Amino acid sequence: MNDPASNIRRLIDHYRTMARIRAFEETALAAHKAGEIPGPLHVSIGQEAVATGVCFNLRGADRLTSNHRGHGHAIAKGADPARMMAELFGRATGYCGGKGGSMHIADFSVGMLGANGVVAGGIAIACGAAQGLKLQKSDAIVTCMFGDGAVNRGPFLEGLNWAALYRLPVLFVCEDNGVAAFTRADSVTAGPGPLARAQACGVPAEAVDGNDVIAVDAIIGSAVANIRRGDGPRFVHAKTYRLMGHTSTDAAAWRDADEVSAAHKRDPLIRLAALLLERGIGSDALAGIAAEAQAEMAGARADARVAPWPEPAAAYNDVQDVGAVAWPK
Amino acid sequence: MAEVTLIEAGRLAALQEMRRDPTVWVLGEDVARGGLWGQYKGFLEEFGADRALSTPISESTIMGAGLGAALVGTRPIIEMRIFDFVMCAMDELTNQIAKIRYMFGGQARPALVVRMPHGMWRNSAAQHSQMLEAWFAHLPGVIVVTPSTAEDTAGLLVQAIRSDDPVLFFDPKDLFGVRGDVAEQIEPIPFGVARRVAEGDVATVVSWSAGMPVATEGAKMLAAEGIKVDLLDLRTIWPWDQDAVIASVKKTGRLLVVHEAVEVSGFGAEIIARVFDEVGTNILKAAKRLAAPRIPIPFSPPLEAEVRATPEKVVNAVKGLIAL
Chain A
1 MNDPASNIRR LIDHYRTMAR IRAFEETALA AHKAGEIPGP LHVSIGQEAV
51 ATGVCFNLRG ADRLTSNHRG HGHAIAKGAD PARMMAELFG RATGYCGGKG
101 GSMHIADFSV GMLGANGVVA GGIAIACGAA QGLKLQKSDA IVTCMFGDGA
151 VNRGPFLEGL NWAALYRLPV LFVCEDNGVA AFTRADSVTA GPGPLARAQA
201 CGVPAEAVDG NDVIAVDAII GSAVANIRRG DGPRFVHAKT YRLMGHTSTD
251 AAAWRDADEV SAAHKRDPLI RLAALLLERG IGSDALAGIA AEAQAEMAGA
301 RADARVAPWP EPAAAYNDVQ DVGAVAWPK
Chain B
330 MAEVTLIEAG RLAALQEMRR DPTVWVLGED VARGGLWGQY KGFLEEFGAD
380 RALSTPISES TIMGAGLGAA LVGTRPIIEM RIFDFVMCAM DELTNQIAKI
430 RYMFGGQARP ALVVRMPHGM WRNSAAQHSQ MLEAWFAHLP GVIVVTPSTA
480 EDTAGLLVQA IRSDDPVLFF DPKDLFGVRG DVAEQIEPIP FGVARRVAEG
530 DVATVVSWSA GMPVATEGAK MLAAEGIKVD LLDLRTIWPW DQDAVIASVK
580 KTGRLLVVHE AVEVSGFGAE IIARVFDEVG TNILKAAKRL AAPRIPIPFS
630 PPLEAEVRAT PEKVVNAVKG LIAL
């Protein structure tokens, strides 16, 4: 495995992916504030290095399950931001034809098996997907993204035990942004935390600075290599920070201002930009990447605004083949 | 054609389908040992540990892993051991399986079967005896199968395994020993087609699952008195055979629904309401439910017996309907 830090093109790729996720989230937030996006919206601003460093190590056929804060995961796995934005807008051109919205974005064509509105909801699904792939003699692996809140749900214990028991090709990534909704995760998590819990289930586990994309890339690279070799599941605990509130309407004002401003200094995009500048990449080039990302997402927003709404009759599609019903005529 | 028990009929159906389709597999507790009820006896030997997967007691993950495996193209049979344990997997069933196709705009097809042996059986008490099939008829996205015979168990399980919709299959525990003829090649029975068990024009009696033997015995007692009822086994409660029930009610004008589950908000209420919507008071002159009082299932034999519908109660209910 190459040392990710030594490969400048790879770092620029990371920067571009992170800039695209950031731009998507900022654009979605603005659209939500403008009343263009209905419903709850959970953005991942500040957490882009985790999605980027993880998905860089995945192949197209590899599957991914995600959570309610999953836009970044989808983009990094290769989903089309324009179709994602259209879905957030509830339009017919969205990934789910407007049936899912932000919390249910899926793109099976790139292995993205879906975000999930239930904390820890993707863990069992990831285990089963890995089991199904194994039954079909596939060499694809499954990555399961979840947050710090998920480690306190029963399916976390069940799923880790299960994956270890059957030596399934699952990469568990606990994307720990420090807050479970409105409550500090460490104030509701007893004992030494996620890493120890994974190890107790027999899943080799490592921690990483989730705001350092190079470190995430490196640790995931070696975990994925182990999984592909048939060594069974791996667990990575990526510590990051949720710069915004739980939802778009939450200012998270309960947090100490000093804490938040210190966190902004650890912003993964700022850190990678500083490194790239050190390596001789011009600030113009970085600004160009950021501007391109902003323009892409502005285009996605503009397209979504004028995209058609779903026909009301579409509400009755894809319920079930047998036994679906509509309003009586 | 062989005469076998209901539980063996289910075993033969699953066996046939796993031989036919290598993407079909089963997961659940003690599956490698043949399952709690012997419904997977011999599967480990024939299909190996990966296709006859014995799992930890982890209901959430049994259910959720079945879904995940369906999302990548396999067709799992998810064995819940006893229906009541599905409560530990309700997120995976109701929030994920039932609506994943819909939420994702048709990208996902969870072709899976959840088998849930349900109902009262030998004084198993409140957490091992429930009949909550009506909950799931209320849940968009799933098929609800409730057979009462060996033949129907075989044919409906084949249909369920081949279905692209998620199917909740309620194996009737109390009827596991009833016998019936199962063909060497089991043909699928379509969902939503009722079976007429007795023919008559005085009243329509509708039931399913463990309610059926009670209703059947009651119908025989009535026939002995010269009162002939039309008796229909719905076999599946979602979809259910509205056409057959309505056609029968048009003939009889009276409707009794018998179910082992609690009467309040039970599926009998839905059936009567729907029939009334369709035919009105000119045709539906009287309707009743015969179903359990709204109490948990007690343990002690005389207490459990108190909760059960009986043929005598069926007789009285039909006579009451006729008198109305």
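Those sequence lines, one after another, are chains A and B. Number 83 in our numbering belongs to position 83 of the first sequence; there are no gaps in the numbering. Number 392 in our numbering belongs to position 63 of the second sequence; there are no gaps in the numbering. Here a beta-carbon is modelled for each residue, glycine too, at the ideal position from N, C-alpha and C. Note that the structure is a prediction, hence the values are computed from the model and not measured.
Contact set between Asn-161 of chain A and chain E, taken where Cβ atoms lie within less than 9 Å: Of the chains in the structure shown, none is chain E; the protein chains are A and B.
Got a sec: is the Cβ-Cβ distance from Asp-530 of chain B to anything in chain A below 9 Å? Taking the first residue of the second sequence as 1, we reach residue 530 of chain B at position 201. Judged by the 9 Å Cβ criterion, Asp-530 of chain B is not in contact with chain A.
Among the candidates A:Gly-149, A:Ala-163, A:Gly-94, A:Asp-258, whose CA atom is the shortest distance from the CA of Ala-200 of chain A? Along the first sequence, read from residue 1 onward, the residue named residue 200 of chain A stands at position 200. Nearest to Ala-200 of chain A by alpha-carbon distance, out of A:Gly-149, A:Ala-163, A:Gly-94, A:Asp-258, is A:Ala-163.
Selection of the segment 510 to 531 of chain B by Cβ proximity to chain A, strictly under 9 Å: Pro-519, Phe-520, Gly-521
Should Ile-429 of chain B be flagged as near chain A, meaning a C-beta pair shorter than 9 Å? Stepping through the second sequence from its first residue, residue 429 of chain B is reached at position 100. Answer yes: the Cβ-Cβ gap between Ile-429 of chain B and chain A drops below 9 Å somewhere.
Going by beta-carbon coordinates alone, are Ala-381 of chain B and Ala-483 of chain B separated by less than 9 Å? Locating residue 381 of chain B in the second sequence gives position 52, counting from the first residue. Locating residue 483 of chain B in the second sequence gives position 154, counting from the first residue. Going by C-beta atoms, Ala-381 of chain B is not nearer than 9 Å to Ala-483 of chain B.
Euclidean distance between Cα positions of Asp-107 of chain A and Gly-434 of chain B: Counting from one through the first sequence, the residue named residue 107 of chain A turns up at place 107. Counting from one through the second sequence, the residue named residue 434 of chain B turns up at place 105. Cα to Cα, Asp-107 of chain A sits roughly 10 Å from Gly-434 of chain B.
Could you give the distance in angstroms between the alpha-carbon of Ala-257 of chain A and the alpha-carbon of Gly-178 of chain A? The residue you call residue 257 of chain A lines up with position 257 of the first sequence. The residue you call residue 178 of chain A lines up with position 178 of the first sequence. Their backbone Cα atoms lie some 16 Å apart in a straight line.
Identity of the residue in B:Pro-351, B:Glu-516, B:Leu-584, B:Pro-517 nearest Ser-536 of chain B by Cα: To locate residue 536 of chain B, count along the second sequence from 1; it is residue 207. The option with the nearest alpha carbon to Ser-536 of chain B is B:Leu-584.
Unbroken alpha helix (DSSP H) run spanning Val-636 of chain B, endpoints: Stepping through the second sequence from its first residue, residue 636 of chain B is reached at position 307. Start and end: 630 to 636.
In the DSSP assignment, find the alpha helix (DSSP H) that holds Phe-372 of chain B and state where it starts and stops. Position 43 of the second sequence holds residue 372 of chain B. Run containing Phe-372 of chain B: 372 to 376, per the alpha helix (DSSP H) assignment.
Which residue marks the beginning of the alpha helix (DSSP H) containing Met-449 of chain B, and which one marks its end? Reading the second sequence from its first residue, position 120 is the one you call residue 449 of chain B. Here Met-449 of chain B belongs to no alpha helix (DSSP H), and DSSP marks it neither H nor E.
Is the distance from the Cβ of Pro-385 of chain B to the Cβ of Gly-395 of chain B below 9 Å? Start at 1 with the first residue of the second sequence, and residue 385 of chain B comes out as number 56. Start at 1 with the first residue of the second sequence, and residue 395 of chain B comes out as number 66. In this structure, Gly-395 of chain B does not lie closer than 9 Å to Pro-385 of chain B by Cβ.
Against chain B, with Cβ distances strictly below 9 Å, would Pro-40 of chain A count as a contact? Here residue 40 of chain A refers to the residue found at position 40 of the first sequence. Cβ-Cβ to chain B under 9 Å: no for Pro-40 of chain A.
Determine, using beta carbons only, whether Asp-107 of chain A comes closer than 9 Å to chain B. Here residue 107 of chain A refers to the residue found at position 107 of the first sequence. Yes - at least one Cβ of chain B is within 9 Å of the one on Asp-107 of chain A.
For Val-443 of chain B, which of helix, strand or coil comes out of DSSP? Looking up residue 443 of chain B in the second sequence gives position 114. DSSP places Val-443 of chain B in strand when its eight states are reduced to three.
Span of the alpha helix (DSSP H) holding Met-550 of chain B? Within the second sequence, residue 550 of chain B is the residue found at index 221, counting from 1. Its alpha helix (DSSP H) spans residues 540 to 553.
Do you know offhand how far Thr-240 of chain A's Cα is from Asp-176 of chain A's? Locating residue 240 of chain A in the first sequence gives position 240, counting from the first residue. Locating residue 176 of chain A in the first sequence gives position 176, counting from the first residue. Their Cα atoms are separated by approximately 6 Å.
Opposing strand residues paired with Pro-501 of chain B [DSSP bridges]: As a working mapping, residue 501 of chain B is identified with position 172 in the second sequence. B:His-447.
Tell me which same chain residues have a C-beta within less than 7 Å of the C-beta of Pro-38 of chain A, skipping the five on either side of it? The residue you call residue 38 of chain A lines up with position 38 of the first sequence. The residues are Gly-90.
Residue-level contact to chain A via CB, Ser-492 of chain B, 9 Å cutoff: Residue numbering aside, residue 492 of chain B sits at position 163 when the second sequence is read from its first letter. Closer than 9 Å: yes.
Which residue wins for smallest C-alpha separation from Ala-307 of chain A, given the options A:Met-84, A:Ile-8, A:Arg-197, A:Pro-204? The residue given as residue 307 of chain A occupies position 307 in the first sequence. The residue with the shortest Cα to Cα distance from Ala-307 of chain A is A:Met-84.
DSSP puts Pro-405 of chain B in a beta bridge; with which residues? The residue labelled residue 405 of chain B in the question sits at position 76 within the second sequence. In the DSSP output, where bridge partners are listed per residue, Pro-405 of chain B has B:Trp-354.
Contact criterion: CB-CB distance below 9 Å. Does Trp-464 of chain B meet it with respect to chain A? By one-based count along the second sequence, residue 464 of chain B stands at place 135. Cβ-Cβ to chain A under 9 Å: no for Trp-464 of chain B.
For His-588 of chain B: DSSP bridge partner residues: Taking the second sequence and counting its residues from 1, one reaches residue 588 of chain B at position 259. Paired residue(s): B:Ala-620.
From the DSSP output, read off the bridge partner residues of Val-511 of chain B. Residue numbering aside, residue 511 of chain B sits at position 182 when the second sequence is read from its first letter. Residue pairing for Val-511 of chain B: DSSP places it in a beta bridge opposite B:Ala-331.
Own chain, CB closer than 6 Å to Ala-126 of chain A, minus 5 neighbours either side, in chain order: For this step, residue 126 of chain A is matched to residue 126 along the first sequence. Excluding residues within five positions, the ones whose Cβ falls inside 6 Å are Thr-65, Val-142, Cys-144, Val-170.
May I ask you to report which of helix, strand or coil DSSP gives Leu-560 of chain B? The residue labelled residue 560 of chain B in the question sits at position 231 within the second sequence. Strand at Leu-560 of chain B.
Show which residues of chain B have a CB atom less than 8 Å away from the CB atom of Lys-99 of chain A. Numbered from 1 along the first sequence, position 99 holds the residue referred to as residue 99 of chain A. In chain order: Tyr-431, Met-432, Phe-433, Gly-434.
Looking at C-alpha atoms only, which residue of A:Lys-329, A:Arg-279, A:Thr-93, A:Ala-205 is the closest neighbour of Ser-6 of chain A? Counted from its first residue, the first sequence places residue 6 of chain A at position 6. Here the closest residue by C-alpha is A:Arg-279.
List the residues of chain B that His-104 of chain A touches, going by C-beta distances under 7 Å, in chain order. Within the first sequence, residue 104 of chain A is the residue found at index 104, counting from 1. Under the 7 Å cutoff, chain B gives Met-432, Phe-433.
Would you mind giving the Cβ-Cβ distance between Glu-589 of chain B and Asp-559 of chain B, rounded to the nearest angstrom? I have them listed as a contact below 8 Å. For this step, residue 589 of chain B is matched to residue 260 along the second sequence. For this step, residue 559 of chain B is matched to residue 230 along the second sequence. Going by Cβ atoms, the distance from Glu-589 of chain B to Asp-559 of chain B rounds to 21 Å, so no, they are not a contact pair.
For Asp-267 of chain A, which residues of its own chain have a beta-carbon under 8 Å away from its beta-carbon, when the five flanking residues on both sides are left out? By 1-based counting over the first sequence, the position of residue 267 of chain A is 267. Excluding residues within five positions, the ones whose Cβ falls inside 8 Å are Gly-46, Asn-211, Leu-243.
From B:Met-550, B:Ala-361, B:Glu-546, B:Asp-420, residue whose alpha carbon lies closest to that of Leu-468 of chain B: To locate residue 468 of chain B, count along the second sequence from 1; it is residue 139. The candidate whose alpha carbon is nearest that of Leu-468 of chain B is B:Asp-420.
Ranges of the alpha helix (DSSP H) found wholly within the segment 9 to 38 of chain A, counting only runs of at least 4: none
Integer Cβ distance of Met-18 of chain A from Leu-272 of chain A, believed to fall under 8 Å: Numbered from its first residue, the first sequence carries residue 18 of chain A at position 18. Numbered from its first residue, the first sequence carries residue 272 of chain A at position 272. Indeed, because the Cβ distance is near 7 Å, the residues count as touching under 8 Å.
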